[in-house]
Every structure is written in C-alpha cells, then in structure tokens.
Amino acid sequence: MKREEIIAYEIYVKSFNDTNGDGIGDIPGIIEKLDYLKELGINYIWLTPIYISPQKDNGYDVEDYYKINPDYGTMEDFDKLVDEAKSRGINIMLDMVLNHTSTEHEWFKRALAGEEKYQDYYIFKESEKEPTNWKSKFGGSAWEYVENLNKWYLHLFDVTQADLNWENPELKEELYKIVNFWKEKGVKGFRFDVINLISKPQEFNSNPETDGREFYTDGPRVHEFIRELNLNTFGSEEGFSTVGEMSSTSLDNCIKYSNLENDELSMTFNFHHLKIDYVNNQKWVLKDPDFEELIGLYKNWSEGMQVGNGWMANFISNHDQPRHLSRWGNEDELRYEAATSFATAYILLRGTPFIYYGEEIGMLNAGYESINYFVDIETHNAYKELIESGKTNEEAMVIIHARSRDNGRIPMQWDSTDSSGFTNGKPWLPTSQQYKNINLELDRQNNKSIFEWYKNIISLRKNNDAFIYGEVKVDNTTEGVLKYTREYNGNKYIVICNLLNKEIELTIDEYEIIINNYDEVNNNLLKPYQAIVQIIK
Ligand code: GLC
Ligand code: CA
2 MKREEIIAYE IYVKSFNDTN GDGIGDIPGI IEKLDYLKEL GINYIWLTPI
52 YISPQKDNGY DVEDYYKINP DYGTMEDFDK LVDEAKSRGI NIMLDMVLNH
102 TSTEHEWFKR ALAGEEKYQD YYIFKESEKE PTNWKSKFGG SAWEYVENLN
152 KWYLHLFDVT QADLNWENPE LKEELYKIVN FWKEKGVKGF RFDVINLISK
202 PQEFNSNPET DGREFYTDGP RVHEFIRELN LNTFGSEEGF STVGEMSSTS
252 LDNCIKYSNL ENDELSMTFN FHHLKIDYVN NQKWVLKDPD FEELIGLYKN
302 WSEGMQVGNG WMANFISNHD QPRHLSRWGN EDELRYEAAT SFATAYILLR
352 GTPFIYYGEE IGMLNAGYES INYFVDIETH NAYKELIESG KTNEEAMVII
402 HARSRDNGRI PMQWDSTDSS GFTNGKPWLP TSQQYKNINL ELDRQNNKSI
452 FEWYKNIISL RKNNDAFIYG EVKVDNTTEG VLKYTREYNG NKYIVICNLL
502 NKEIELTIDE YEIIINNYDE VNNNLLKPYQ AIVQIIK
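So for the sequence shown, the working numbering puts the first residue at 2; every next one is plus one.
If you want it as structure tokens, here you go:
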C-alpha cells in the first residue's frame, strides 16, 4: 500500500481492550476488535510500544526491544495479530523508540557498571557541573550525575530514559538489527518516536535564554542518520511506510524527511497545530485556542509540503494530547457537530490521516477528581512544579484537567457496563464517568452517530483519487472556517468546515452537496461546526 492510500488508527495498547481481567489492554484484545476496525475502514494500525519496559513512561522506556511485554501477551499473540489483521486488509505499524532506552536496558546497566563500550552507546560527559543548561521535556535538568562514574548522562525525557549516541556506528548497527527483527515479523511500517532528536551536536553548549532544544532538534546529522537507517532496514521493502514523530521541527526539514527521493521516511508528524493554545510553547499555561493560527498552519503546511513533494501525517489527537473535543470542540449539545467537523477537516486534507482510538465515538477528557487518579509521569512532574510555583491545588488541577496526557489514555468506551466494557477487572487508569453517556454501543443507536460519520468520511477518502492524490488548495479568508479544494484529473471537491461554536456568514456556491452534518444548508450561513463537502462537476 502506498502512503497516500493509508488510513491509520492509533491504538494505545494499554487502554484499548483487556481480555484477561488484569485491567491492562492486550494484544488478544486488539485481535478481538479487528472486525470493528475493519468496519471503520482503516487499513493500518499503529501500536504504541509493546516491548518489555519498566513502564515509567508507559513503554516509551524500552528495556528489551526483542520481547513482548507479558502484560500485553506473547510473541504468538503478536504473530497472530499480524496474520489476522492482514486477512482483513489491515497492516501493523510498530512504534520504534530509538532516541533513548530505559535505564533498565542491559546496555545502560553495563555502562553504569563501568564498561566503556556501553558508555559510548549513550551520552556520558565528564564535567564539574551540568554539562549544559538543557531542560528535560518532562521537567527539571536533562542531565543526571552518576557518582561512581563521575560522569553525567543526557536524558531529554525522564531520568530513566537515557539518550543514545547515534555517533557510534556500533550502536547504529544494533538499532538496525532491532528494526530488521520486527520487519521480518511481517509488520508493514514503523512510527519512529522523536526521531528528529537523535543527532546531537559535537560540542555541547548552553543558551541561557532557552531550554536547549535548538541544539538537538533536527540536529546536524539527522538526515544522514535517518537515511542510513532507511538503507539498512526498511528502505527496500515494497509496500512499507514509516512516519517520524518530529518534535518542534520546521517545514523545510519535514519536506526533506518525507520526500521519497531522499530515502528517509514516508511522512512526518509535527505538532505546531497543537500549540495554538500554548503561551510561548508552554504547555502548562492555559490559553484559548487560536483557530486563525490553526487554519493558517493548515494552509502553510499542506501547501508547503505539496510544493516540496513532502507528505504529512494528519491528526488532532494522540496519546500525548488531551482529547480534541474537550480541548477545541464541544462536550455538550454540539458534540456530534464538533466531532464530525474536526474529523472532516483533517481526514480529507492532503496527507495520511491518523485516527486516535475513541475519537470515532467522540470521547472526551478524563475529568478525574484529584491528581491521585492520574498515572502519567509528565503530569505528576507538572503538578509538582505548578504547586511549587505557588498555585493552589484547585488552580493546578484546572490546568492538569485540560492538559494531562492521561486524558488521551483513558480506557476505550465500548459500552455502558462496568469499566465501559474495557475490562472485567480494575482498569490500570480509571474509566472516565462520561462512559455511561458516551460509548460505542450508544453511539451506534443514535441517528447522529459519530462512528457512522467516520465510516462515511473514510470511505469517501478511500474511494476518490482526488482525496488520495489530489492537489490541495486552502482558502483561509473566512475567520473560523477551514475551506479547501482537492483536485485530481479534473475531479474536484470543496471541503468547508466551521471550526467554531457560532454561525458564520459565508456564501456557499451552488455545487452538489455530498456530505453535510446538518439536515440543511443555508446559502449564506454556516451553522456552528457545520461541515460540508461539495463536488464540482
Ligand atoms: C514521544 C512519545 C511520548 C513519549 C516521548 C518519549 O513524544 O509520543 O509518549 O513520552 O516520546 O519517548
Ligand atoms: Ca490484559
């Protein structure tokens, strides 16, 4: 399958479906739901990391890349998943975390025990004080001192996630081996975790004005490293697709990463559109979303990637983000309208859509009562910092509720039974109380079914070359409205999505309407969150 044809679905494995009552989602649970996913119409599943891990960062801290975390099942279960998915026309994409390992990984343990060979797998520095002023993305310093070695090691994420040294050819060979191992298991893609952070500068400098990200983001040798990875692993595979998670990246770099001529990746995720409600890049400060900025970003990135023959991976929710309906949309009467408008907006754009489990039934944020319900390490660090900065518990919790990654990780809401049909046991992360009103079973009975809408939009996208290959042109002239055309071989469509909870004046041309999330169309006015697709014949 070509990257243009992919409709991906991200599963947060831990929270999707538990089959043995331990409260943790598992691989047999995914197999059980493959028919559901087939009905939805997706053709790729991205699984969050399934390897052995101490789970400090829910699997993004890998201890052993070659083994399945027993909480999720066995290697036989995994092989079965690949086969069963394949028989339904669905491919599996695995998450590869190659910027860092867990400090429980054997390499790191041997490094700590004094083996220099393994110290050179990581970034250890001798220094009187912290080698640079870089901040960890999860709060605090990015350096940790190891007394018995009298050295510091770099961790851009948690202190238990040590950054790997991609300058070391031996380490790179080890990483290729891992990638090839899973490729040979029959997976058809990889999602590379924070892959644009793997190239650190040769000289480690500080910038007192920043957290240091400019030194290692899209770093000096990153394109070379990714190209080598490609050529040594998946590059020659037919029908294989890769997506890189690009932290704080630029359009030019994303074009390079995803222009197929460069032999790097098939497509890139970027996060600029998910910062329209941040203040100066700060996640833990609340601000209303700036939808003009969002629409402007859609224009720049969609058209910019097109000009450079790059390819976007489009999404608005994932396991690191709050649920977009709570964040930007509507949790109440207009939940259906908001869910369908945002879905239409991003799924029909130029690029590969990545749907995040639960958005197809309009799931909302967790809404837990206290910090004790949250599990995520980043959330707890942020809470601590907020309290230390003088915020009261109430003030801190308003921010945590809005921004915690656990919002996106709550158990899937299948039905109204206990624990939302996710488990017969006690879920690892509490079920959100909204599940009694919002779940797949109820949604299917509703004549305004969000799930049905997703099915229709996916099928529209899959069956029209204009949406698969077509040229995109974004018209950002009407405030609050994402309007664009897709055109291929003379077939042309217009997509119009009101992203706001208010009526907006706009002249709708008299072309045939093939999709509409309201019963009617007024030629001069869009209803709140109204989404329309027209065909120009
Ligand atoms: C990526 C993952 C996130 C993880 C981080 C460190 O951003 O999506 O969940 O915490 O990398 O691996
Ligand atoms: Ca389980």
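For each residue, glycine too, the CB sits at the ideal point set by N, CA and C.
Your pair Asp-407 and Val-376 checks out as a contact, with CB atoms roughly 6 Å apart and the cut at 8 Å.
A residue is called buried when at least 16 other Cβ atoms come within 10 angstroms of its Cβ; Val-482 meets this threshold and is buried.
At the C-beta level, Tyr-73 and Tyr-52 stay beyond 7 Å of one another. Across the structure, Ile-439 and Gln-414 are spaced so that their CA atoms are roughly 7 Å apart. Note that the C-beta distance between Asn-100 and Ile-199 is below 7 Å. Straight across, the Cα-Cα distance linking Asn-263 with Ser-450 is about 42 Å. Straight-line spacing of the CA atoms in Asn-523 and Asp-510 works out to 11 Å. Nearest to Ser-142 by C-alpha distance, out of Phe-158, Leu-266, Asn-490 and Asn-499, is Phe-158. Judged by DSSP in its simplified three-state form, Met-364 adopts coil rather than helix or strand. Leu-483 is bridged by DSSP to Cys-498.
Taking 6 Å as the cut-off, one finds no heavy atom of ligand 1 near enough to the beta carbon of Val-376.
Per the coordinates, the alpha-carbon of Asn-465 lies some 13 Å from the alpha-carbon of Ile-348. Distance from the CA atom of Gln-203 to the CA atom of Leu-176, rounded to whole angstroms, is 21 Å. In this structure, the CA atom of Tyr-337 is about 7 Å from the CA atom of Gly-363. At least one heavy atom of ligand 2 falls within 6 Å of the beta-carbon of Asp-19. Assigned with DSSP and collapsed to three states, Ile-515 falls in strand. Within its own chain, the residues whose Cβ lies closer than 8 Å to the Cβ of Asp-80, once the five positions on either side in sequence are excluded, are Lys-186 and Gly-187, listed in chain order. Distance between Gly-311 and Ser-259, taken at the CA atoms: about 5 Å.
Taking 6 Å as the cut-off, one finds no heavy atom of ligand 1 near enough to the beta carbon of Phe-316. Taking all protein chains shown into account, Thr-353 has 16 or more neighbouring C-beta atoms within 10 Å of its C-beta and is therefore buried. Listed by position in the chain, the residues whose beta carbon lies within less than 5 Å of some heavy atom of ligand 1 are Asp-58, Tyr-61, Phe-158, Asp-194, Val-195 and Asp-321. When the five nearest sequence neighbours on each side are left out, the beta carbons in the same chain lying within less than 7 Å of the beta carbon of Leu-335 are those of Asn-502, Pro-529 and Tyr-530, in order along the chain.
Contact check between the segment 117-136 and the segment 77-92: fewer than three CB pairs, one atom from each, fall below 8 Å, which does not count as touching.
Secondary structure of Gln-56 (DSSP, three-state): coil.
Distance from the CA atom of Trp-47 to the CA atom of Glu-396, rounded to whole angstroms, is 36 Å.
The continuous stretches of beta strand (DSSP E) do not include Tyr-455, which lies in the alpha helix (DSSP H) extending over residues 451-463. Phe-182 places its beta carbon 7 Å or farther from that of Met-97. Between Phe-139 and Ile-378 the beta-carbon gap is near 6 Å, inside 8 Å, which marks them as a contact.
A straight line joining the alpha-carbon of Ile-31 with that of Tyr-357 spans about 14 Å. Going by DSSP, Val-180 is part of the alpha helix (DSSP H) stretching over 170-185.
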